[in-house]
Every structure is written in C-alpha cells, then in structure tokens.
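Visitor: Each protein sequence line maps, in turn, to chains A and B. Each residue of the first sequence is one higher than the one before, starting from 1448 at the first, in the working numbering. Each residue of the second sequence is one higher than the one before, starting from 5 at the first, in the working numbering.
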Amino acid sequence: MTVAARSVGPTTGPRTSSRIMRLLVRSVPPLLVLMIVIVLWEMSASGAGRRVIPPPSAILNAGVENFEQLRRAAFATTYEAIGGFILGTVGGLLVAFATSRWVVARDVLLPVAIASSAIPTIAVAPILNNWFGVLNPASKMMMAALLVFFPVLINVTRGLVEVKPASVELMRSYAASDLAVLRKLRVPNMLPFLFTAMKVGATLAFIGALVGEYFGGSSDVLGFVVLTSMSSGSFALAWAGILIGAAAAIVAYLIVSIIERVAIPWRSELEAS
Amino acid sequence: MTTNPAAAAVRLEGIEQFFTTSAGGMKALENINLTIQPGEFVSLIGPSGCGKSTLLRIVGDLIQPTGGVVEVNGKSAHEARVRREYGMVFQAPVLFDWRTVEANVRLPLELMGMERRQREARVREMLELVELGSFMRHYPHQLSGGMQQRVAIARALALEPTLLLMDEPFGALDEMTRERLNSEVLRIWGQTKTTVIFVTHSIPEAVFLSTRVVVMSPRPGRITHIIDIDLAQPRNDQSRETERYFELVTEVREGLRGRRGSGSEGRLRVEGGIG
C-alpha cells in the first residue's frame, strides 16, 4: 500500500483518450521491430534453410491459396483450446477452493496435483486420445485442460491463502463469518492471481490442443495441417498454420487481458500508474 | 444496542498474558487492572514491548488473555465483539484495495446486514464526518496515507460503536498530519460521545487527546502510572500551548522514565523509543 499522495483531484480515474494515446505510443517500437524482422526474413534468401523457412511472401501465398482449409482448421483448434481452457480453469478453481478451505483436501489433493504437473505432457497425449476417442475433440480439450489446470490451481490457491493478516483481524473484529471472509476478502484478493494464471493458460491451451492433434485425430485441425504439409514438403503451408495458431493464442491472451481490466479495475490502475 | 447504563465501558481485572515463543515463554502482561467509564478517552502509552497493543487486542477479543477478567459494557469481550459494539483502527489503514473509499466504509454495514438505503446514508454521513465526502469513488491507492487513515476511522465509526479501539493509528504519519488528525479525532469524539482507547508512542499526542493517560512499562508489561489530564474541554490548537499542557507532558514523560513519585517503582531507567 502506497503512502504517497497520488492524483487526488476530483476526477475519477485516468481519462480514456490519453490512455489510448499512451497505448498507441507504447506499441510503436515493438511493431517497428516486428516489421524489420519480417523484411530481413524476406531478404535473407539463400541456402538449404530457404526451403524449411520460406520467405514471408511465400507463407502469405500459401495461406491465401489454402484459406478455406486453414480457416476450418483454425476454428476447430480454437474450439478445442477454448474448451480445454474452460475445463482447466474451472478444475483448477474447484481444487484450489477445496484445498484452501479444507486442510484434508490440501494434504490429499495438492501433492497429487503437483505430481500431475510433472507428467510429460507429450506422453499423455496418445493416452488421452485413446481414452476420449481420437476423433472426439474432447481428447484435445483434455490435453489443453491439463496444461491450464496447474497454473490456475497454484495461483488461485495463493490468492485465497495469502491475505494480509491485518485484513483477517479486521474481519474478525466485525465478527465476520467464514463465508463472509471468503466472499469479501479471499475471493477479491484472489482475482488478480486468477487473471495472471488465465493469461498464461490462454496460450497454454493452444499448445495443448496442437500437441493433442499431432497424435492423430480429425484432419481439419491446425496440428494436422502443419504435420502433413511438413511431411509432404510444403513448408510454407506448415508455417501458415503455425502462425495462425500463434495469432489465435495472442488474441486469446488479449481477450483475457481486456476482461481483466474490466473485472478488476483497481488492479489495472495500480499497474498503469 | 443494549448497554447497561450502570456498567463501565471497560473493566479489566487481573489480566495476565503469556506468550510461548521458540525462545521460550514470555510474560507480556502482568496484573493489569483498569476501569474505563463511558465517554472517556484513555491513552495507553509506553515503550515498545510493554504490551499496550496486546492489551488493546485483549479488550477487542482478538486475543484471549491467559488470566483475568475482561468486561465491555458489562458483558464479556467476546459477546461485545459478536454484537459489534466496538470499532477498531489499526496502525496501517487496512483498506481493501478492490473497494472504493465508499465501499470500504460500507464493509461493516454489509456484514451486519443493514438495508441498502440506510447503508448509503450512513456511509455518506461517516465520510462527511471525516471530511472525505468528495473522495467517495476513489480507490485507496489514490489517497495519501493520512486520508487512508481517515477512511479507516470512518469505517470504524460506521457501526456507531460504543467503544473505539485505536492502535497507534497515526504512527506512520508526519507530524503535521498527525496533529491535524488529532484535532479531528477530538472533534469526532465530541460529536459521537464514544469511549476511546488509544495506543500511542507519542507523549504530546496522548496528553492532547486524553482524559486519562495510562503509562505502561515493559518486561513484563504492567501499568505504572495513571495520569488524569485535566486540560479544559473542548481542546483546540491553543490547548497545546498552555502551561498546564506542558506540565502534563512533563508528568507523563517522567512517568515513562519511572521517576514520578507516588506509586512508581522508582526505577531510574530511560527506555529507548519513547516519542
């Protein structure tokens, strides 16, 4: 908690227009760097690597030519990733609430959860494919959920448990019930932790879905497009698929960030200032 | 809120407190006897480790004493807490980051289940009382330390407590802000007629605010002097410049040094960390 006075004028919060300006100014340097990288990539055309890493123009061409296939694949993969993201987040939340509420749950569930995070993800993918049916998107969702689950569990548990002792004392002085302490102190305290985990989870969900797809299943998914086009030598199309997957993950991250700004305004103002 | 009119606001009898630490047992408080009448403003002053904050927490039922009797308004401290008869202000403001000023003050009212319309009116009234009405929709981090502490006072007063417990509330503030808030606390005390127990390190603060100053000494924590502060009420900035004020400050200071005649244990010892 800061002691120094800060923006104590009668206005409430920073003005939106100046905020957007700041955002634009801040995004200029990274965009510039990105453009330079693309230009250098385009110009550096020689050697054996040229075939494996084609120039951006070729990737763009491949993307346009196979637009319909890539569009269907991107939607299918995003569907899996979103499903896995929701499953993993809800699962992580449930276990976190249980572990912070009941000591027994903490002793039983937390070690199992930590052990589960040590399992090599790639090794589990074929198992999940067989378990939920290789053509069933649920098998990919489970893969994504597995990756999302752990950061959500750890962060939410921390957010629920790590409240300031003085805050607990304050609630006690008001003879607040355990439920009131949970609702009015622990849950709001946990929200920034949850959003941190969800931002990590948003990109992990796409990785999980793609890894699941590599081990077989529907042919209308990004993972399959990347894998088959590579083995047939059309690296430009493979790259188009990879970049689309990356773009989708970035969009997912941004969506979570925007929801965070709306849901916990006190936090984003703290960070902005 | 039912209060037995005949009962003392606070009655402490033979309070003992042991703490067990990794270094062994420690006696934090020994044979504390103190009765506070409704409407009094009592300061607890003493060097670090004299158990004054512990004593305040015992009155507030946040710590159970090892021995002795605590009564608040003629009831057990626990009953008083469950009935929400006291408000507490800590050294740090302990505001919730996620709540605006208004929502922070509203917190105790939500917990007691006050109806919304009544609640909004009370929050407004409390914020006017601490002169923060125009900062209702600010978040705590947008306020200065002194303003945050005023929000904490408004929150503590929202339930109209009969007993206000303040644990070094202005210890982290600069001298100017502290003096201004002292005057504000006195004004609020005059308006609300609530009983106040105020823990502090500062001798001038204790003398300016209190009707009685309780001087404590450490190892083990005990009461060595109780000094009546007979400065005229209501007090203002001029009160700080009267001769009597300086006499009383001297009296408290000597009490803290264990040099004051009657009833002291005559130990000539200057404790560190006295304000």
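All C-beta atoms, glycine included, are put in the ideal place defined by N, C-alpha and C.
1. Would you say A/R1619 reaches chain B, if we count a Cβ-Cβ gap shorter than 8 Å as a contact?
2. Give me the chain A residues within the contact set of B/Y249, using Cβ-Cβ distance strictly less than 8 Å, ordered along the chain.
3. For A/A1452, would you say it is in contact with chain B, using Cβ-to-Cβ distances shorter than 8 Å as the test?
4. Pull out every residue of the region 1612 to 1638 of chain A whose Cβ sits closer than 9 Å to any Cβ of chain B, in chain order.
5. For B/I157, collect the residues of the same chain with a Cβ closer than 6 Å to its Cβ; drop the 5 residues on either side in sequence, then sort them by chain order.
6. Taking Cβ-Cβ distances below 9 Å as the criterion, which residues of the region 84 to 106 of chain B are in contact with chain A?
7. Would you mind telling me which residues of chain B sit closer than 9 Å to A/I1711, beta carbon to beta carbon, in chain order?
8. Can you pull the chain A residues whose beta carbon is under 9 Å from the beta carbon of B/L38, in chain order?
9. Grab the span of the beta strand (DSSP E) containing B/I36 for me, first residue to last.
10. Run through DSSP, which three-state label would B/S47 get?
11. Given a cut-off of 8 Å on the beta-carbon distance, is the pair B/R85 and B/D101 in contact?
12. Within the chosen definition, does the region 176 to 191 of chain B reach the region 212 to 225 of chain B through at least 3 CB pairs nearer than 8 Å?
13. Between B/S148, B/V46, B/N108, B/S52, which has its C-alpha nearest A/S1614's C-alpha?
14. Using the beta-carbon of each residue, which ones in chain A are nearer than 7 Å to B/P112?
15. Consider the Cβ of B/L133: report whether some Cβ of chain A lies at a distance smaller than 8 Å.
16. Does the contact criterion of 3 or more C-beta pairs under 8 Å hold for the region 69 to 86 of chain B versus the region 43 to 56 of chain B?
17. Under a Cβ-count criterion, where at least 16 other Cβ atoms within 10 Å of its own Cβ denotes burial, should A/P1724 be classed as buried or exposed?
18. For B/G55, would you say it is in contact with chain A, using Cβ-to-Cβ distances shorter than 8 Å as the test?
19. Mind reading off the beta-carbon distance from A/G1655 to A/L1594? Whole number of angstroms is fine, and I expect it under 8 Å.
20. Report the partner residues of B/M220 according to the DSSP bridge assignment.
21. Using only CA atoms, which one of A/F1640, A/L1651, A/L1657 lies nearest to A/R1714?
22. At which residues does the beta strand (DSSP E) containing B/Q21 begin and terminate?
23. Are any of the Cβ atoms in chain A nearer than 8 Å to that of B/M5?
24. Should B/G1 be flagged as near chain A, meaning a C-beta pair shorter than 8 Å?
25. Just the C-alpha distance for A/I1706 and B/L115, rounded to the nearest angstrom, thanks.
26. Might you give, ordered along the chain, the residues of its own chain that have their beta carbon closer than 7 Å to the beta carbon of B/R239, omitting 5 neighbours on each side?
27. Closer than 7 Å by beta-carbon distance: list the chain A residues that pair up with B/L115, in chain order.
28. How is A/I1500 classed by DSSP in three states: helix, strand or coil?
29. Please name the residue, chosen from A/E1616, A/L1617, A/V1599, A/V1581, that lies closest to A/M1645 on a Cα-to-Cα basis.
30. Who does B/D232 pair with in a DSSP beta bridge?
31. Just how far apart, CA to CA, sit A/V1581 and A/V1472?
32. Once DSSP output is grouped into helix, strand and coil, what is the label at B/T7?
33. Does the beta-carbon distance from B/T58 to B/Q21 come in below 8 Å?
34. Kindly indicate which three-state DSSP category B/D101 falls into: helix, strand or coil?
35. Name the two residues that bound the continuous beta strand (DSSP E) containing B/D178.
36. Quick check on the DSSP output: what are the complete beta strand (DSSP E) runs of length 3 or more inside the region 81 to 136 of chain B, in order along the chain?
Guide: So, to answer that:
1. yes
2. Correct list: empty, because the minimum Cβ distance to chain A is about 29 Å.
3. Annotation note: pLDDT 41 at A/A1452 (below 50); position unreliable, coordinate value reported separately. Yes, because at least one Cβ of chain B sits closer than 8 Å to the Cβ of A/A1452.
4. If the cut-off is 9 Å between Cβ atoms, the region 1612 to 1638 of chain A has A1613, S1614, E1616, L1617, M1618, R1619, S1620, Y1621, A1622, A1623, S1624, A1627, K1631, L1632, P1635, N1636, L1638 near chain B.
5. V93, V134
6. R85, V86, R87, R88, Y90, G91, M92, F94, Q95, A96, P97, V98, L99, F100, D101, W102, R103, T104
7. W102
8. The premise fails here: B/L38 is roughly 20 Å from chain A at the closest Cβ pair, so nothing lies under 9 Å.
9. Taken as a continuous stretch (DSSP letters only), the beta strand (DSSP E) holding B/I36 covers 28 to 40.
10. strand
11. no
12. yes
13. B/N108
14. Y1621
15. no
16. The region 69 to 86 of chain B vs the region 43 to 56 of chain B: no contact.
17. Past the edges of chain A, shown from 1448 to 1720, lies residue 1724 of chain A, and the structure says nothing about it.
18. no
19. 4 Å
20. B/I227
21. Closest option to A/R1714, judged by alpha-carbon separation, among A/F1640, A/L1651, A/L1657: A/F1640.
22. 14 to 25
23. Residue confidence for B/M5 is low, a pLDDT of 47 falling below 50, so the modelled location carries little weight; the figure read from the coordinates is stated next. B/M5 does not count as touching chain A.
24. Residue numbering for chain B in the displayed model covers 5 to 279; residue 1 of chain B lies beyond these limits and cannot be assessed.
25. 28 Å
26. L190, F212
27. Y1621, A1623, A1627
28. coil
29. When A/E1616, A/L1617, A/V1599, A/V1581 are compared, the shortest CA-CA separation from A/M1645 is found for A/V1599.
30. B/R216
31. 47 Å
32. Annotation note: pLDDT 49 at B/T7 (below 50); position unreliable, coordinate value reported separately. B/T7 falls in the coil class under three-state DSSP.
33. Their beta carbons are under 8 Å apart, which means B/T58 touches B/Q21 by this criterion.
34. Coil.
35. Element bounds for B/D178: n/a, residue is neither H nor E.
36. 90 to 93
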